[in-house]
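First the structure, in the form of structure tokens, and then the observations on it.
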Amino acid sequence: MKKLEQIYEGKAKKVFATDNADYVIVDYKDDATAFNGEKKGTIAGKGVINNRVSNFFFKLLEEKGIPTHFVEEISDKETVVKRVEIVPLEVIVRNLAAGSFSKRYGVEEGTPLAIPTLEFSYKDDALGDPLINEYHAKALRLATDEEIATITKIAFWVNDILKEYLLNLGIRLVDFKLEFGRFKGGIVLADEISPDTCRFWDKDTNKKLDKDRFRRDLGDVEDAYKEILERLLGRADTE
Ligand code: TMP
Ligand code: ASP
Numbered sequence: 017m018k019k020l021e022q023i024y025e026g027k028a029k030k031v032f033a034t035d036n037a038d039y040v041i042v043d044y045k046d047d048a049t050a051f052n053g054e055k056k057g058t059i060a061g062k063g064v065i066n067n068r069v070s071n072f073f074f075k076l077l078e079e080k081g082i083p084t085h086f087v088e089e090i091s092d093k094e095t096v097v098k099r100v101e102i103v104p105l106e107v108i109v110r111n112l113a114a115g116s117f118s119k120r121y122g123v124e125e126g127t128p129l130a131i132p133t134l135e136f137s138y139k140d141d142a143l144g145d146p147l148i149n150e151y152h153a154k155a156l157r158l159a160t161d162e163e164i165a166t167i168t169k170i171a172f173w174v175n176d177i178l179k180e181y182l183l184n185l186g187i188r189l190v191d192f193k194l195e196f197g198r199f200k201g202g203i204v205l206a207d208e209i210s211p212d213t214c215r216f217w218d219k220d221t222n223k224k225l226d227k228d229r230f231r232r233d234l235g236d237v238e239d240a241y242k243e244i245l246e247r248l249l250g251r252a253d254t255e
């Protein structure tokens with residue numbers, strides 16, 4: 017597949033056209049931002065790690081029957097994915113209280129939630145990705161009733177698969193953010209699943225192994241990202 021002109025640059029990835037109209041190439045960057053771009057930095061090796069971690073999860077989810085945008089990894093930081101129209105929703109699933117949930121509702125981080133919980137944000141940087149409910153999403157024509165139902169079903173399904181898989185590797189899946197796209201009339205899981213978009217805590221020590229180390233200046237950021245890749249792929253395959 018031929019890599020053609022750049023069509024988009026986001027905070028963590030660049031997207032390039034290809035000679036196939038149905039496909040694009042994503043190229044992961046080492047750049048890191050937080051708080052809607054207010055905090056900026058670089059995490060050495062992040063592009064390579066997020067590409068490999070995300071592709072690992074997308075392949076696992078495809079094997080379980082979840083439709084995704086994944087096509088093929090073509091280099092250590094580039095992947096061919098389906099060219100989707102992104103649904104402008106950030107879909108967050110939570111198992112334990114953390115981050116904005118803890119702050120908003122006054123619940124200590126790490127408190128288990130009575131049920132896995134879903135929330136939507138309106139994906140709009142100018143508005144700061146505000147929290148919305150499904151009526152808002154429909155009222156704003158961000159997604160149809162049917163799309164919201166599909167997205168909700170897939171989001172909890174992803175949670176069931178990843179939560180169990182990660183626990184076997186000694187990692188607690190605290191929460192994560194998904195994005196979905198429209199492709200040939202259907203909904204597919206898109207964007208990425210990586211330490212940038214999930215909270216991963218070590219099961220025994222509760223050490224944070226994700227972007228919170230960058231957001232909160234906890235240090236050891238690169239090592240935490242590497243640790244996730246190593247637990248997923250095995251140490252020998254990540255040297
Ligand atoms: P939050 O607790 O800050 O709302 O974050 C919930 C989850 O979503 C957490 O795993 C981090 C992820 N996330 C993103 O992927 N992108 C974002 O812009 C934000 C704010 C959170
Ligand atoms: N990626 C988001 C930003 O730059 C926020 C985050 O992940 O915390 O604003």
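Be aware that the sequence shown starts at 17, since it is given in our numbering, and climbs by one per residue.
Note that CB positions come from ideal geometry on N, CA and C, so glycine has one too.
Could you check which residue in the options has the C-alpha nearest to that of residue i?
i	options	result
threonine 254	Leu77, Pro104, Gly61	Gly61
proline 78	Leu178, Glu94, Thr58, Lys55	In the sequence as presented, proline is not what sits at residue 78; that position holds glutamate. Among Leu178, Glu94, Thr58, Lys55, the Cα nearest to that of glutamate 78 is on Leu178.
glycine 63	Ala171, Arg157, Tyr241	Tyr241
glutamate 135	Phe172, Glu125, Leu20, Lys56	Phe172
alanine 37	Asn71, Phe73, Lys98	Lys98
aspartate 141	Glu106, Tyr181, Ala113, Asn149	Glu106
aspartate 220	Asp191, Gly57, Leu185, Leu234	Leu185
threonine 133	Lys139, Asn149, Asp145, Phe86	Asn149
Can you grab the Cα-Cα spacing for the pair residue i / residue j, in whole Å?
i	j	result
leucine 189	aspartate 236	19 Å
asparagine 52	lysine 27	10 Å
aspartate 212	lysine 45	12 Å
aspartate 43	glutamate 94	5 Å
isoleucine 244	lysine 80	21 Å
aspartate 47	tyrosine 121	31 Å
glutamate 88	isoleucine 65	16 Å
aspartate 218	aspartate 226	10 Å
proline 128	threonine 58	32 Å
alanine 206	phenylalanine 72	14 Å
lysine 56	isoleucine 164	33 Å
aspartate 191	glutamate 208	14 Å
tyrosine 138	isoleucine 41	25 Å
alanine 159	alanine 153	6 Å
glutamate 162	lysine 75	25 Å
Verify whether the separation of the beta carbon atoms of residue i and residue j is less than 8 Å.
i	j	result
arginine 198	valine 103	yes
glycine 115	asparagine 222	no
asparagine 210	valine 69	For the sequence presented, residue 210 should be read as serine rather than asparagine. Yes, Cβ-Cβ distance for serine 210 and valine 69 is below 8 Å.
methionine 17	valine 109	no
What are the partner residues of residue i, as DSSP defines its beta bridges?
i	result
proline 128	Leu112
tryptophan 217	Arg188, Lys224
tyrosine 24	Val31
Hey, which residues come within less than 6 Å of the ligand ASP, measuring from Cβ to any heavy atom, in chain order?
-> Applying a distance threshold of 6 Å between residue Cβ atoms and the heavy atoms of the ligand ASP selects Lys27, Thr49, Ala50, Phe51, Asn52, Gly53, Lys227, Arg231, given in chain order.
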